[in-house]
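Q: Residues in the sequence shown are numbered from 2 upward in steps of one, following our numbering.
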Amino acid sequence: MSESSGGSRSDLGNVVLIGQKPVMNYVIAALTLFERGSKTIVIKARGKSISRAVDTAEILRRSFVSDAYVKDVKISTETFTVDNKTRSVSSIEITLSKQT
2 MSESSGGSRS DLGNVVLIGQ KPVMNYVIAA LTLFERGSKT IVIKARGKSI
52 SRAVDTAEIL RRSFVSDAYV KDVKISTETF TVDNKTRSVS SIEITLSKQT
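This is the structure:
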């Protein structure tokens with residue numbers, strides 16, 4: 002997630018941002034992207050939501066889109082300062098693609 006902001010708007014259309022909702026909400030969102038013709042999607046999460054992102058990718062891959070595979074996994078740490086204290090938060094990007 003330490004990427005430059007030079008990406009096009011269409012790149013953002015294939016991203017599922019994981020938060021605090023139930024895992025199936027994110028599975029359905031990702032499934033919808035695949036159903037609309039996306040060949041590749043990216044699942045992104047930070048902090049405590051990382052396990053939910055992994056669950057989302059695995060449920061989607063094993064139960065709903067059998068020809069999907071994990072193309073890439075990127076992990077990083079984001080550092081920021083709040084009230085003069087430096088905080089580090091882990092982040093993950095899981096790229097899923099459909100076999101053609």
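We put the beta carbon where it would ideally sit given N, CA and C, even for glycine.
Because the structure is a prediction, the values reported are computed rather than measured.
In its own chain, which residues sit with a C-beta less than 8 Å from the C-beta of V55, not counting the 5 before and 5 after it?
A: Counting only Cβ-Cβ distances below 8 Å, and skipping sequence neighbours, we find I93, I95.
Q: Sort out for me which residues DSSP pairs I76 with in a bridge.
A: According to DSSP, I76 bridges with I93.
Q: Do the region 79-93 and the region 56-67 meet, that is, are 3 or more Cβ pairs less than 8 Å apart?
A: No: fewer than three Cβ pairs fall under 8 Å.
Q: How big is the Cα-Cα spacing for N85 and L97?
A: Rounded to the nearest angstrom, the two C-alpha atoms are 38 Å apart.
Q: Applying the criterion that 16 or more other CB atoms from any shown protein chain within 10 Å of the CB defines a buried residue, is Y70 buried or exposed?
A: Y70 comes out exposed.
Q: How big is the Cα-Cα spacing for T1 and D73?
A: Residue 1 cannot be examined here, being either before or after the span of the chain that is shown, 2 to 101.
Q: If you measure between the beta carbons of K45 and V24, is that distance less than 9 Å?
A: No. Outside cutoff.
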